Amino acid sequence: MAHDEHGHAHHELSFTERYVFSVDHKVIGLQYLITSFLFLLVGFALMGLMRWQLAFPGTPIPFFGRLFPADLAPNGVMSGEFYNSLGAMHGTIMVFLGVVPLAVGAYGNYLLPLQIGAPDMAFPRMNMMSYWLYLPGGIMMLSSFLMPGGAAQSGWTSYPPLSIINPGQTFWLLSMVVLITSSMLGAINFLVTTINMRAPGMSLWRMPVFCWAQFVTSVLLLLAFPPLEAASILQLMDRVFHTSFYMPKDLVILGKAYAGSGGGQPLLWQHLFWFLAHPEVYVLVLPPMGIVAEIIANNTRKPLHGYKTMVFSMIAIGVMSFMVWAHHMFISGMSASLGNFFLVTTMIISVPSVALMTCLVFSLKGGSIRFNVPMLFALAFIPLFAIGGLTGLPLGLTVTDIYLHDTYYVIGHFHLVVVSGSIIALMGGTYYWFPKWYGRKMNDTLGLIHFWGSVAGMLGIFMPMLFMGLAGASRRLYDPTAHLHNLPVQGWNVVSTISAYLLGVFQLPFIYNFFNSMWRGEKTPENPWQATTLEWACPSPPPHGNFVKTPIVYRGPYEYSVPGRETDFWMQTDKN
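The number in our numbering is simply the position in the sequence shown, starting from 1, with 149 added.
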């Protein structure tokens, strides 16, 4: 419905109603966007501290090392406990406070209703509540650094029994419960909106691939997060009330018998955690794939190759992602027959992933490619994500995973998928939809500097990790030089650290470009990319209610270069 048809905004909204406690999906999307960027910046800063310690162990942290309390960094030298806290919080912040809220909360909230022709999300107040659980949950997570004992020290995976006896974990668990609740509210909203609020003529097979990606992602969030929320509450009870859901019998800690009753199963947490965390990997990957599909279709000026193949591949990934979680647990002592089952399912789930990437590559064939800044990010996604995916195959095979599991190879693989893949695509989406958000364009020159510096920096960080892992360098080490077999590859740690700092430097043009372009960027027409999808059929930025009148959809989302038409794009809302 249109804004006046829907009956919204009969009174003038106050600043607080419009920009703080807003129920408009577009404002909430931008709230998620800015907040998740800030959390990504915090997570990156924590990583910068860790990388200094890994490259130059025992060396005082430059510039502000002595600003840290003596128990965290005596004489400016990072302590082991502080390193563990940084590792746990870096992973948690980047995944649960950074990439997922950016990919789903920001892009999904802003664009999904626009692309299906809806005036807003199905449940606007639930949408607002989702954000206002996410922000306090993130602040609570960060505030754990200020608590006695410091932040969580048991990795972002929080494995018991270590996580139950270590300090800092209580706030981590409370924050996770809040953040999971936020994600589930958002997932319910996305599903109901997609099913019930599509514009007339917008059948499921006329939805853009991005909408399908958000739909499948929401199903994953809704089904996978409840087990982790329950698991977190059980771990909280083990910590606070001394139950024994995860604490084994006859546990001895620092020479003393554990006071709890025992009889619990530490591996139970691993099953519950990875049952969420492997679908979570596809939560991190599917929305960026949808973004890349939109950018490639627009900038090749031709329809996507294999639209239905891409959609069915996303659905197949969603289904299969619930059958592969224990490949993270091959060295936990599981039986060989169970290990073989998860080996086979892991190999099978790579097939629809390859199908998606193949469709993206074939979509380039015969296109009139426009090499603008969003397209460069989309093109870079393909090889970078492919490298990340291919390096994961040895980790899905039991025989090779036993050797590689506790090495830097795993860190390199995961970051190539999530950083060089997902974040690169999300950056491209920022340049592509910025004119829709603010009615202005980001600066191309600064965008090119940001692009080339980011790609080079990411490869410089993560490729050395693969080399170190193949050489047997252990991960989770506060001082990598403590193991003699790490010394021959310690130089790669220095390369990785220098690349990380260069990557940080190349984000400065992006930060300046983003905020400067909000007010001073070149003004753009309503459809600057000459795109076909519905979000470009309303003003930029869209008003409350989105569309002047209810849009009617006449065709699919990628009608580019149709023979016999004067223009090379045919919008979904154009009758003739």
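Think of the CB as a built atom: it goes at the ideal place given N, C-alpha and C, for glycine as much as any other residue. All values derive from a computational prediction rather than experimental measurement.
Three-state secondary structure assigned by DSSP to residue i
{"i": "W678", "result": "coil"}
{"i": "I518", "result": "coil"}
{"i": "T556", "result": "strand"}
{"i": "D153", "result": "Reliability of the predicted coordinates at D153 is poor, the pLDDT of 43 falling under 50, and no value is obtained from them."}
{"i": "F718", "result": "strand"}
{"i": "R625", "result": "coil"}
{"i": "I701", "result": "coil"}
{"i": "R347", "result": "coil"}
{"i": "A300", "result": "coil"}
{"i": "R274", "result": "helix"}
{"i": "K590", "result": "strand"}
{"i": "V401", "result": "strand"}
{"i": "E443", "result": "helix"}
{"i": "E161", "result": "coil"}
{"i": "A408", "result": "coil"}
{"i": "N224", "result": "helix"}
{"i": "K457", "result": "helix"}
{"i": "K451", "result": "coil"}
{"i": "K724", "result": "coil"}
Residue closest to residue i, alpha-carbon to alpha-carbon, out of the options
{"i": "H634", "options": "L619, T366, I647 and G577", "result": "L619"}
{"i": "S470", "options": "H427, A686 and V644", "result": "H427"}
{"i": "Q302", "options": "W321, V341 and L416", "result": "W321"}
{"i": "I265", "options": "P700, P690 and F534", "result": "P700"}
{"i": "Y709", "options": "S571, K585, I518 and C687", "result": "I518"}
{"i": "Y431", "options": "S571, A535 and L608", "result": "S571"}
{"i": "T366", "options": "L416, N258, G409 and A529", "result": "N258"}
{"i": "H562", "options": "W685, A442 and L544", "result": "L544"}
{"i": "R347", "options": "Q318, M270 and R388", "result": "M270"}
{"i": "P268", "options": "P692, Q384 and A219", "result": "P692"}
{"i": "S381", "options": "G404, R704, L328 and V401", "result": "L328"}
Bounding residues of the alpha helix (DSSP H) (the contiguous stretch that carries residue i)
{"i": "E230", "result": "G229 to T241"}
{"i": "E708", "result": "Note, E708: premise wrong, no alpha helix (DSSP H); not H, not E."}
{"i": "I498", "result": "A485 to L513"}
{"i": "D387", "result": "V358 to V389"}
{"i": "L198", "result": "H174 to A204"}
{"i": "M667", "result": "Q656 to R669"}
{"i": "L260", "result": "Y256 to I265"}
{"i": "I210", "result": "From DSSP, I210 is part of no alpha helix (DSSP H); its letter is neither H nor E."}
{"i": "L311", "result": "L311 to I314"}
Where residue i falls, given that 16 or more other Cβ within 10 Å makes a residue buried
{"i": "N521", "result": "buried"}
{"i": "L487", "result": "exposed"}
{"i": "W201", "result": "buried"}
{"i": "R355", "result": "buried"}
{"i": "I288", "result": "exposed"}
{"i": "Y661", "result": "exposed"}
{"i": "G606", "result": "buried"}
{"i": "G156", "result": "Because the pLDDT of G156 is 43, which lies under 50, any placement of that residue in the model is unreliable, and the number read from its coordinates should be weighed accordingly. Exposed, because fewer than 16 other Cβ atoms sit within 10 Å of the Cβ of G156."}
{"i": "K672", "result": "exposed"}
{"i": "E715", "result": "exposed"}
{"i": "E161", "result": "exposed"}
{"i": "D593", "result": "exposed"}
{"i": "W361", "result": "buried"}
{"i": "R669", "result": "exposed"}
{"i": "S293", "result": "buried"}
{"i": "H174", "result": "buried"}
{"i": "T208", "result": "exposed"}
{"i": "D387", "result": "buried"}
{"i": "I183", "result": "exposed"}
{"i": "V548", "result": "exposed"}
{"i": "M296", "result": "exposed"}
{"i": "S648", "result": "buried"}
{"i": "H632", "result": "exposed"}
Assumed close pair residue i, residue j - CB separation to whole angstroms, cut-off 8 Å
{"i": "S462", "j": "P501", "result": "4 Å"}
{"i": "T494", "j": "V473", "result": "5 Å"}
{"i": "Y181", "j": "A255", "result": "4 Å"}
{"i": "I337", "j": "L311", "result": "I337 to L311, Cβ: 34 Å. No contact."}
{"i": "M576", "j": "F526", "result": "5 Å"}
{"i": "Q419", "j": "S481", "result": "6 Å"}
{"i": "F718", "j": "A680", "result": "7 Å"}
{"i": "M199", "j": "G240", "result": "That belief does not hold up - the Cβ atoms of M199 and G240 are roughly 11 Å apart, past 8 Å."}
{"i": "Y552", "j": "M614", "result": "That pair is no contact at about 15 Å."}
{"i": "L453", "j": "Y707", "result": "5 Å"}
{"i": "G411", "j": "L400", "result": "6 Å"}
Interface flag, residue i vs chain B, CB-CB below 8 Å
{"i": "L195", "result": "Here chain B cannot be found, since the structure has a single protein chain."}
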